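Heads up, the thing below is written out as structure tokens.
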Amino acid sequence: MTTRKISTNFLIFLMLGLFALLPAIPVKAQLSDTVYVNTFDEDFYNWATPHVQTFLFPVGNRFYSEVNMYYTIGCPSYPGDCDPWDRLGYLWVVQDTVNYEIARIITPYDITGGNYPGECTWKIDVTAYQSVLRDSVVLRNYIESWIGGDDGWLITIDFEFIAESIRLAPYKVTNLWQSTWMPFGDPEDPIESRLAPLHVDIDAEADSILLRVITTGHGQGNTDNAAEFSRREHSISINGNTLSHYLWRSDCDQNPCSPQGGTWLYPRAGWCPGDRVIPWSLDATNYATPGQTAVIDYDIEPYENLCRPGNPDCEPGVTCPDCDYNYNGHTPPGYVVQSHLIYYKIPPMGQIEGVVTDGENVLAAALVRAEGDYSYVTLTDDNGAFVIPEVIVGEYRLTASIFGFQIVSTDLIEVVEDHVENIEIILPPLPLSALSGTVKDAYDHNIPPLDGAEIMLLDTPVEPTISDQEGRFSFLDLPIGTYRARATHPNYLPLEAEVEVMEGEELETIFRLIPIYTFEEHDHGFQGQGEWESGVPTSSGGPDQAYHGQRCWGTDLDDVYEGPISIYLTTPEYDLDASAPPYELSFYQWYQAVQTWDGGQVHISVDHGETWSLIDPVGGYPSPVVVALGITPGYSDHSDGWQFARFDLSDFAGQSAMFRFWFGGAEDQSDLGWFIDHVTVQGQNDIPSVSIEEDGQVVVSPAQYRLFQNHPNPFNPTTVIRFSIPESNTVAVTIYDATGRLVKTLIEDKMYPAGTHSLQWNGTGQNNESVVSGVYFYRLEAGNFAQAKRMTLLK
């Protein structure tokens with residue numbers, strides 16, 4: 175055992191300590207330990223042409239706890255289309271003298287209709303094959319697509335390597351039976367001769383052995399409709415020990431790659447159209463001895479195809495409908511078989527243990543990370559002690575953290591096999607300061623500061639505080655550092671912002687919240703025409719209750735509307751004077767109107783109500799035609815509860831805007847109508863995320879330019895990109911792929927005020943086309959500042 179003490183003489187990061195509620199002694203991977211490999215990228219396949227290419231995979235002997243392959247199949251663009259047939263697809267790793275099939279898929283069947291989702295992605299576990307997915311790898315992808323011209327398939331294949339701690343490492347793969355076609359049911363060519371018993375020398379270093387079989391049955395119109403639609407027992411025998419299963423998929427109707435035509439719903443022999451093939455995996459550890467020879471046999475339930483052309487006793491229309499293969503309903507029965515032995519070993523391990531203190535007292539619930547080839551994380555117990563019992567040998571750096579103390583990292587320590595490294599880590603306490611401020615309305619300076627707002631410091635153990643009658647709040651004895659603060663109020667949109675608490679400076683902060691128009695105490699200048707009225711709704715006239723509080727606007731709160739009807743709810747004017755987005759109208763709505771005939775839509779006026787224009791919600795109106803609205807789109811039918819609606823007002827920035835909610839009902843029609851609540855209009859003026867007052871002067875936080883890591887990451891299909899600028903400046907945000915090619919410009923030389931801002935990227939290119947899975951880079955340019963970060967799109 176080696177004992178070491180780590181204190182401030184080693185690496186100390188003067189930043190806020192992390193606080194997380196994790197279970198005792200967990201072992202998990204960190205995001206930075208995930209490696210992504212992008213291979214084939216929308217490659218076009220048809221006419222049974224294999225694609226062979228070399229790719230760089232993770233280098234070295236590191237083992238990964240999980241290796242996932244994401245296989246995406248899509249249709250070519252016009253004038254091309256998908257191959258209409260369900261085809262076999264194979265992915266091999268190609269080496270000098272041997273190939274390994276690591277995955278098999280079946281393409282969708284008859285998806286030329288308009289309801290097809292456009293592409294499908296399958297997540298396939300290839301962890302067992304990671305020993306052949308190292309360094310430079312030749313991949314051969316092949317689809318038996320016997321179609322030419324512009325039709326075929328677009329294939330994208332990405333890999334994800336996750337480096338959690340592992341107990342067993344798959345270090346070797348050997349092939350067993352390998353065949354792209356084995357005829358079934360023909361006594362002249364028995365399948366048993368192709369699946370003869372094998373004498374296999376079992377690797378002497380193996381601690382565990384997996385036998386994996388990838389088998390699919392094909393052919394129809396034969397005796398028992400074999401082999402595609404025939405449920406047969408398949409057996410593997412290892413040294414006389416027999417394991418069996420029925421090669422059958424009965425879940426084809428649950429396929430997300432649908433709808434498909436024809437017989438795609440029917441169960442099949444080991445596969446479904448438009449899906450990955452699920453291997454049959456057997457634990458052979460107890461049946462084969464390392465260093466010895468094992469006899470392994472593969473048997474299939476006996477079967478004779480009486481409908482084969484070579485059967486002299488086959489009488490068309492009597493024995494079988496057809497005694498010859500016509501390849502149109504009567505095709506040869508057979509199996510495609512690939513199989514492997516996969517060897518695992520327990521990697522050499524040592525142990526790390528120790529204690530975390532502040533120099534005098536132990537620190538319970540401190541987070542301890544060990545970072546090296548693998549990542550481990552645990553918490554200290556009530557005595558400040560921690561144990562990471564099974565650490566794969568190698569060099570690691572330990573980092574300890576807890577809220578209120580400096581983060582401390584050790585030098586690299588060497589973990590050797592069967593040895594215990596004992597470490598004491600000392601965390602100095604952080605100096606204390608205070609954070610206080612006021613919560614205000616963002617748009618109306620005549621509204622007094624807001625009492626009853628809750629301010630939280632996210633991801634910390636600090637108890638939230640509530641603003642008093644003067645809108646004041648404070649946190650005393652707060653460790654210095656950068657916090658993510660969140661301010662909420664029942665009648666305002668929540669606000670999150672970074673605040674920095676510094677030693678010796680008690681900062682005065684101001685949170686400015688965007689109001690929500692809730693109609694609880696007054697109507698906020700909204701004016702209803704005809705049956706539009708504000709108040710408490712009833713189930714006889716609409717929803718059981720308002721979305722927010724008790725009151726809302728609706729078309730007759732306690733009774734149905736009667737057509738013909740054409741009525742408006744009009745808002746006051748709002749000045750969209752902010753110098754940067756978002757510019758947005760949003761609200762919650764409930765509606766029930768006669769489908770296609772009756773409904774509602776939203777208009778905008780920028781000339782004080784003289785003229786009005788229809789505006790579309792993000793995502794469009796659900797009904798393309800509403801008769802009572804002049805055969806224009808709108809909200810019709812049933813909303814099925816309160817729903818959120820959002821309208822982008824970017825085209826109207828810098829103007830004064832009014833909105834009206836038009837509801838129309840056709841003659842002799844009636845229903846419950848349209849109800850509006852929880853309205854917000856963003857973009858009325860510039861709002862610093864958090865302002866800081868010092869000596870009567872207002873300065874804007876943050877104090878420096880910063881590009882944050884996108885969240886979530888990896889993502890599918892949308893992620894949020896945040897950035898901070900300390901002063902008003904022109905900003906550009908762009909997306910690039912891994913080759914450096916420009917994918918999309920999110921912002922181009924647009925003026926933004928000082929503060930923290932966020933954008934969304936939905937995984938599309940310049941022409942709003944979907945982009946493929948892979949690694950991308952987003953870049954911020956603001957004045958002389960530029961920074962880029964990496965993100966990963968997974969589909």
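My numbering applies: residue 175 is where the sequence shown begins, and numbers increase by one. Each residue gets a CB set at the ideal place from its N, CA and C atoms; glycine is no exception. Source: prediction; values computed, not measured.
Could you check what DSSP says for residue i in three-state terms: helix, strand or coil?
| i | result |
| --- | --- |
| Glu-366 | helix |
| Cys-446 | coil |
| Ala-993 | Because the chain in this structure spans residues 175 to 969, residue 993 falls outside the shown range and cannot be described. |
| Leu-803 | helix |
| Thr-397 | helix |
| Phe-579 | strand |
| Gln-227 | strand |
| Ser-824 | helix |
| Cys-256 | strand |
| Gln-161 | Any answer about residue 161 is impossible in this case: the structure gives the chain only from 175 up to 969. |
| Cys-726 | strand |
| Gln-434 | coil |
| Asp-615 | strand |
| Gln-428 | helix |
When we look at the beta-carbon of residue i and count the other beta-carbons within 10 Å, is it buried (16 or more) or exposed?
| i | result |
| --- | --- |
| Leu-631 | buried |
| Ser-575 | buried |
| Ala-608 | exposed |
| His-408 | buried |
| Ala-540 | buried |
| Val-874 | With a pLDDT of only 37 at Val-874, under the threshold of 50, the placement of this residue in the model should not be trusted; the figure read from the coordinates follows. Looking at its Cβ environment, which holds 16 or more other Cβ atoms inside 10 Å, Val-874 is buried. |
| Asp-449 | buried |
| Gln-763 | buried |
| Val-241 | buried |
| Tyr-501 | exposed |
| Val-511 | buried |
| Phe-818 | exposed |
Rounded to the nearest angstrom, what separates residue i and residue j at their Cα positions?
| i | j | result |
| --- | --- | --- |
| Pro-927 | Glu-694 | 33 Å |
| Glu-670 | Thr-893 | 17 Å |
| Thr-552 | Ile-365 | 54 Å |
| Thr-139 | Val-855 | Within the shown structure, residues of the chain are numbered from 175 to 969, placing residue 139 beyond reach of any answer. |
| Trp-445 | Tyr-245 | 16 Å |
| Glu-275 | Tyr-264 | 7 Å |
| Lys-963 | Ile-279 | 35 Å |
| Cys-294 | Ile-629 | 44 Å |
| Ile-921 | Arg-820 | 21 Å |
| Gly-288 | Leu-788 | Its pLDDT being 49, under 50, Gly-288 is placed unreliably by the model, and the measurement read from it follows with that caveat. When rounded, the distance between both Cα atoms is 29 Å. |
| Val-374 | Asp-360 | 28 Å |
| Gly-508 | Gly-914 | 47 Å |
| Val-233 | Arg-308 | 6 Å |
| Tyr-477 | Ala-458 | 27 Å |
| Ser-648 | Ala-659 | 12 Å |
| Asn-884 | Arg-953 | 11 Å |
| Pro-746 | Ile-778 | 11 Å |
| Ile-329 | Val-211 | 15 Å |
| Tyr-950 | Thr-908 | 10 Å |
| Gly-391 | Trp-422 | 9 Å |
Relative to the C-alpha of residue i, which residue among the options is closest?
| i | options | result |
| --- | --- | --- |
| Ile-526 | His-408, Phe-959, Glu-591, Tyr-264 | Glu-591 |
| Ala-380 | Tyr-950, Trp-422, Leu-350, Lys-346 | Lys-346 |
| Pro-282 | Pro-653, Val-268, Pro-258, Pro-253 | Pro-258 |
| Ala-468 | Ile-412, Asp-360, Pro-602 | Ile-412 |
| Pro-738 | Asp-697, Gly-436, Val-801, Asp-790 | Val-801 |
| Val-306 | Tyr-252, Asn-235, Phe-897 | Asn-235 |
| Thr-228 | Val-267, His-419, Phe-335, Arg-820 | Val-267 |
| Ile-684 | Pro-717, Gln-703, His-663, Arg-646 | Arg-646 |
| Arg-896 | Thr-930, Lys-924, Leu-916 | Thr-930 |
| Thr-712 | Ser-382, Cys-726, Pro-506, Gln-703 | Cys-726 |
| Thr-573 | Trp-786, Ile-597, Tyr-472 | Ile-597 |
| Asp-215 | Asn-315, Asp-260, Ala-277, Arg-261 | Asn-315 |
| Ser-513 | Trp-351, Ile-581, Gly-716, Gly-839 | Trp-351 |
* To do: Determine contact between the segment 511 to 518 and the segment 582 to 600, defined as no fewer than three beta-carbon pairs at a distance below 8 Å.
  => no
* To do: Specify whether the segment 751 to 762 and the segment 840 to 856 touch according to this definition: at least 3 beta carbon pairs, one from each stretch, less than 8 Å apart.
  => By the Cβ rule, the segment 751 to 762 counts as touching the segment 840 to 856, because three or more pairs are nearer than 8 Å.
* Cβ contact check for the segment 819 to 833 and the segment 717 to 733: 3 or more pairs under 8 Å -> no
* Kindly confirm or deny that the segment 890 to 904 and the segment 932 to 946 touch, where touching means at least three C-beta pairs closer than 8 Å. => yes
* **Sufficient close CB pairs (3 or more, under 8 Å) joining the segment 811 to 819 to the segment 757 to 774** => Yes: at least three Cβ pairs fall under 8 Å.
* To do: Would you check if the segment 335 to 343 and the segment 547 to 561 touch, i.e. whether three or more CB-CB distances between them fall below 8 Å?
  => Result yes; three or more Cβ-Cβ pairs closer than 8 Å.
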